[in-house]
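Asker: Have a look at this one.
If you want it as structure tokens, here you go:
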């Protein structure tokens, strides 16, 4: 049984903060939401009134000093994540950060150094890893019942109209760090990586086709994994019939999940190969069940880790592998070449900025290469 109730604070009280508060309320015996911070007083008051939060602050430093939380949930725009994470970690406070965890690999490495120095833990919200469907797939895969993974598909086909980008911080490299590759499809291919493991090489294209944004509005990548698995990844904000779809073709079965923003057990399907029906079906039915991929599943895992003093999931190294996948996608698309894992080091322009030297549709580059305005 849980031994203590942890003090939690939320920084940033927009839409995603309400999701955090609602899911924390379901864990009230283990976590108490004691404080919130936002520079918008009206939004902060509305949030605190709705969720009965007593501590109301307009700056993070005061919140940390007065409320003394055990854990801070960062629900702010991505451009604020690094500095806010550093402030918390340097104060010895654990951090659970909404995706993406930082704007670049360089920023995430700064966070990693602060985590090491003070002993507080940093984790990213990648909740799709924690649903029982994903846990079942990883378990059955580890048992050998499915055979080798061979081919995978990971599609985040969403639709965001032009007015979505009217919010001042959306669609800007310096605040969001990228388009659907960085901020939308990242949940699906993080799940892909949690199943298939270490990737080896990416070849990609990215385009800004129609949306009023500085970033891409679609990207497509072909990734190979260390074990030879080949996967296609599409991230789109241009798709009127929205879906999030992952497919894994193993030697003895195909496993699929289709949902939009979160899955349950019923969203998963398994199709055994001829001659393997009984063994595959038996193994699949024996796996975990009953847990959706919502935030609550990851929050419970985070509290479990706090109880025993282990690193919070999803750990910084795991988050870095996913963020490196993003950086490699942009590097491949903008430099028009395959990019291998580990290639983007401190000397690469894509280490400090996801756009590197700028996408081909940047005005200066467009003038030099007018034929490359969308790829």
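In UniProt numbering, the protein residues as written are 1 to 375.
Glycine included, each C-beta is placed from N, C-alpha and C at the ideal position.
#1: How should residue 233 be labelled, buried or exposed, when 16 other C-beta atoms within 10 angstroms of its C-beta is the threshold for buried?
#2: Please name the residue in 348, 313 and 277 whose C-alpha comes closest to that of residue 126.
#3: How many angstroms separate the CA atom of residue 116 from the CA atom of residue 288?
#4: Going by alpha carbons, who is nearest to residue 152 out of 32, 52, 192 and 284?
#5: Please work out which residues of its chain come closer than 8 angstroms, Cβ to Cβ, to residue 311, disregarding the five sequence neighbours upstream and downstream, and give them in chain order.
#6: Do you know offhand how far residue 322's Cα is from residue 222's?
#7: Taking Cβ positions, are residue 102 and residue 96 nearer each other than 8 angstroms?
#8: What does DSSP give as the partner residue(s) for residue 97 in the beta ladder?
#9: Would residue 262 and residue 293 qualify as a contact pair, given that the criterion is a beta-carbon distance under 8 angstroms?
#10: To which residues of the same chain is residue 3 closer than 8 angstroms at the C-beta, ignoring the five residues directly before and after it?
#11: Counting along the chain, where does the alpha helix (DSSP H) carrying residue 317 start and finish?
#12: Can you tell me where the alpha helix (DSSP H) holding residue 23 begins and where it ends?
#13: Classify residue 352 as helix, strand or coil using the three-state DSSP reduction.
#14: Cβ of residue 150 within 8 angstroms of Cβ of residue 253?
#15: Give the straight-line distance between the Cα atoms of residue 392 and residue 137, rounded to the nearest whole angstrom.
#16: Tell me which same chain residues have a C-beta within less than 7 angstroms of the C-beta of residue 23, skipping the five on either side of it?
#17: For residue 6, report the span of its alpha helix (DSSP H) as first-last.
#18: Is the region 334 to 344 touching the region 156 to 165, taking contact as three or more C-beta pairs under 8 angstroms?
#19: Under the rule that 16 or more other beta-carbon atoms within 10 Å means buried, what is residue 129, buried or exposed?
#20: Check each candidate in 79, 7, 251 and 172 and name the one with the smallest Cα separation from residue 27.
Answerer: On the basis of the data shown:
#1: A residue is called buried when at least 16 other Cβ atoms come within 10 angstroms of its Cβ; residue 233 meets this threshold and is buried.
#2: Cα-wise, what sits closest to residue 126 is 313.
#3: Roughly 34 angstroms between the two C-alpha positions.
#4: Among 32, 52, 192 and 284, the Cα nearest to that of residue 152 belongs to 192.
#5: In the same chain as residue 311, and ignoring 5 residues on each side of it, the C-beta atoms closer than 8 angstroms to its own belong to 121, 123 and 305, in chain order.
#6: Between residue 322 and residue 222, the C-alpha separation is close to 15 angstroms.
#7: No, the pair does not count as a contact, with Cβ atoms beyond the cut-off.
#8: In the DSSP assignment, residue 97 is bridged to 74 and 124.
#9: Yes, these two residues count as a Cβ contact at 8 angstroms.
#10: Excluding positions up to five away in sequence, the list reads 307.
#11: For residue 317, the enclosing alpha helix (DSSP H) has its first and last residue at 316 to 335.
#12: Residue 23 -> alpha helix (DSSP H) spans 15 to 25.
#13: Three-state DSSP puts residue 352 in a helix.
#14: In this structure, residue 253 does not lie closer than 8 angstroms to residue 150 by Cβ.
#15: Any answer about residue 392 is impossible in this case: the structure gives the chain only from 1 up to 375.
#16: 294, 295, 296 and 299, listed in sequence order.
#17: First-last for residue 6: 6 to 11, but that is the beta strand (DSSP E), not the alpha helix (DSSP H).
#18: Fewer than three beta-carbon pairs drawn from the region 334 to 344 and the region 156 to 165 are found closer than 8 angstroms, and the two stretches are therefore not classed as touching.
#19: Counting the other Cβ atoms within 10 Å of the Cβ of residue 129 gives 16 or more, which makes it buried.
#20: Comparing Cα positions, the closest option is 7.
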